[in-house]
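Reviewing the structure listed below.
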Amino acid sequence: MGSLLGTRRSGVLAIHRRPERLYMSYVLQTDSNTGEGLRRIAVEQIERAIAVFDDKQLQQDEAVHRARQRCKKIRALLHLLGEANSAVTDFENSQMRDAAAGLAQVRNADALLDTYDDFRKCATEGVSCRVLKRVRQVLLERRELTVGEDSQVEIRIEGFRADMCAALERASSWAIELDGAAHLLLGFERSHRHGRRAMKSCRRAPSNERYHEWRKWSKYQLYQTRLLKHYLTDSLKQRVRGLIRIGELLGIDHDLAVLRHELVEASDFSSVRDLTGVGGLPEAIDEQRRHLQKQSLKLGKRMYTIGIEKRIRFAS
C-alpha cells in the first residue's frame, strides 16, 4: 500500500495517499505508430516491474506496491484494445492479474497495519485502549510472521519475476490490430461506461465487491487518461484529480473492509473478540466506511453524470 497521510476533520478521518509520480514513458506519443507505441509502453512497464526488486533503497512493501501498480497499468492499456484484439488481451490480462495476486500476501500484513494505525488516530473514540492495543499487537505479530518467512517471500518474488520475464518476451511481438489512435477512444469510452455502471451499482445496492469493482475501473480510467495524455483535451487535469481522489477513497474503504473482516472472522483475532468493549470497533469502522463511500459517490456523480464524449474528445 502507498504511504498514507491522516488528518482530522470534525472527528472524521480524512486519509490520502501521496501522489504517484507520473512516468513520462507511460504516455502514447502522437508521432509514433500506435501499435508500436503501445508495445513499447508495455515492455517498459514490465521491465520496471522486474527491476523494482533490485532497487536497494526501497522497502520490500513499497517494491511490491510498485510492481503490482505496473501490472495494473498494463491491464489498463489492454482494456483499450477491444474485441478485435481479444486473443492478446484476454490472455495477457489474466497473466497480469495472477502475477499481481501472487504478491498480495506479501503486501497485506503491512497494508493492514498501516490502515489500522491511521484509522486509530482519528476514528476510534469510545473504544477502550486495551482493545486498540491488542488489535495492533495481533497485526504486528502477523507482519513479523510474514517477514520471518523470508524463504516464502523470496519464492513469491521470484515467481513474479519469472512471470514478468515470460510476459516481456511476448509483449514485444503482440499482434495488435488498430485502426489508428482513434480506435483507442472506443476502449476509453468502454472503460468510462464500466466505471459509471459500477458506481450506479454501488449506489443502488452497496457491497464490498461492488465498491471493489468500481475502484478497479476508476484506476483503469486514471491510467488510460495518462496514457492518452497527448490525444485528450478539455477537462483532462480536473478528471485526473477526480479519478485519483476516487481511487484514494475507495482504496481506504477496501482496506478498512479487509480489516473489519479480519477482526470479526480471523482465528488470530479470537483473543480480541473476547475483550469487553470490542464491539465498538467494527461499528467505528463501519461509520468511517460510510463516510468514505458518501464522499466517493458525491465525487463520482460529478465525474460520470455527463457522457464522456461531451467532456473529453480526441484532439484533431
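Residue 11 is where the sequence shown starts when you use the numbering used here, and the numbers rise one by one after that. Note that beta-carbon positions come from the ideal geometry of N, C-alpha and C, so glycine has one too. Values in this document were obtained by computation on a predicted structure and should not be read as measured data.
Problem set entry | DSSP state of L242 mapped onto helix, strand, coil | If you number the sequence shown from 1, residue 242 lands on position 232. Of the three classes helix, strand and coil, the one that applies to L242 here is strand, per DSSP.
For this session: Inspect the beta-carbon positions of R166 and Q105 and report whether they are closer than 8 Å.
Result: Along the sequence shown, read from residue 1 onward, the residue named residue 166 stands at position 156. Along the sequence shown, read from residue 1 onward, the residue named residue 105 stands at position 95. Taking 8 Å as the Cβ cut-off, R166 and Q105 do not qualify as a contacting pair.
For this session: Would you mind sorting N43 into buried or exposed? The rule is 16 or more other CB atoms within 10 Å of its CB.
Result: If you number the sequence shown from 1, residue 43 lands on position 33. Per the 10 Å Cβ criterion, exposed.
For this session: Compute the beta-carbon to beta-carbon distance between G287 and V145, rounded to the nearest angstrom, for a pair I have assumed lies under 8 Å.
Result: Indexing the sequence shown from 1 puts residue 287 at position 277. Indexing the sequence shown from 1 puts residue 145 at position 135. In this structure G287 is not in contact with V145, their Cβ atoms being roughly 12 Å apart against a cut-off of 8 Å.
Exercise. So what does DSSP say about S182, is it helix, strand or coil?
Worked result: As a first step, residue 182 is located in the sequence shown; it is residue number 172 there, counting from the start. In the structure shown, S182 falls within a coil segment according to DSSP collapsed to helix, strand and coil.
Exercise. Cα separation between A172 and A52?
Worked result: Position 162 of the sequence shown, counted from the start, is the residue given in the question as residue 172. Position 42 of the sequence shown, counted from the start, is the residue given in the question as residue 52. The alpha-carbon atoms of A172 and A52 are separated by roughly 16 Å.
Problem set entry | Inter-stretch contact (C-beta, 8 Å, three-pair minimum) for the segment 87–94 and the segment 131–140 | Contact fails: fewer than three Cβ-Cβ distances are below 8 Å.
Problem set entry | Sub-8 Å separation of S228 and L253 beta-carbons | Taking the first residue of the sequence shown as 1, we reach residue 228 at position 218. Taking the first residue of the sequence shown as 1, we reach residue 253 at position 243. Taking 8 Å as the Cβ cut-off, S228 and L253 qualify as a contacting pair.
Exercise. On the three-state DSSP scale, how would you describe S42?
Worked result: On the sequence shown, residue 42 is found 32 positions in, with the first residue counted as 1. DSSP places S42 in the coil class of the three-state scheme, outside both helix and strand.
Problem set entry | Cβ pair V98, A208 closer than 8 Å | Position 88 of the sequence shown, counted from the first residue, corresponds to residue 98. Position 198 of the sequence shown, counted from the first residue, corresponds to residue 208. Judged by beta-carbon spacing, A208 lies beyond the 8 Å limit of V98, meaning their Cβ atoms are not closer than that value.
Problem set entry | Within the segment 187–242, ranges of the beta strand (DSSP E) (whole runs, at least 3 residues) | For the segment 187–242, not one full-length beta strand (DSSP E) segment reaches 3 residues or more.
Problem set entry | Pairwise C-alpha distance: G290 and L3 | Any answer about residue 3 is impossible in this case: the structure gives the chain only from 11 up to 326.
Exercise. What are the boundary residues of the alpha helix (DSSP H) that L87 is part of?
Worked result: Position 77 of the sequence shown, counting from 1, holds the residue named residue 87. It spans Q70 to L88 - the alpha helix (DSSP H) in which L87 sits, taken as one unbroken run.
For this session: Within the same chain, show all residues whose beta-carbon is closer than 7 Å to that of F153, passing over the 5 residues directly before and after it, in chain order.
Result: To locate residue 153, count along the sequence shown from 1; it is residue 143. For the record, residue 153 in the displayed sequence is Arg; it is not Phe. Closer than 7 Å at the Cβ level, and outside the excluded window around R153, lie A119, D120 and L123.
Exercise. What distance in whole Å lies between the Cβ atoms of H264 and H222, which are believed to be in contact at a cut-off of 8 Å?
Worked result: Here residue 222 refers to the residue found at position 212 of the sequence shown. Here residue 264 refers to the residue found at position 254 of the sequence shown. Going by Cβ atoms, the distance from H222 to H264 rounds to 6 Å, so yes, they are a contact pair.
Problem set entry | Given N218 as reference, the closest of A192, R255, F129 and G261 once Cα atoms are compared | Within the sequence shown, numbered from 1, the residue matching residue 218 stands at position 208. Nearest option by C-alpha distance: G261.
Exercise. Is Q305 helix, strand or coil when you go by DSSP?
Worked result: Here residue 305 refers to the residue found at position 295 when the sequence shown is read from its first residue. In the structure shown, Q305 falls within a helical segment according to DSSP collapsed to helix, strand and coil.
For this session: Taking all protein chains shown into account, decide if G169 is buried (16 or more other Cβ within 10 angstroms of its Cβ) or exposed.
Result: The count along the sequence shown starts at 1 and reaches residue 169 at position 159. Here G169 is exposed: its Cβ has fewer than 16 other Cβ atoms, across all protein chains shown, within 10 Å.
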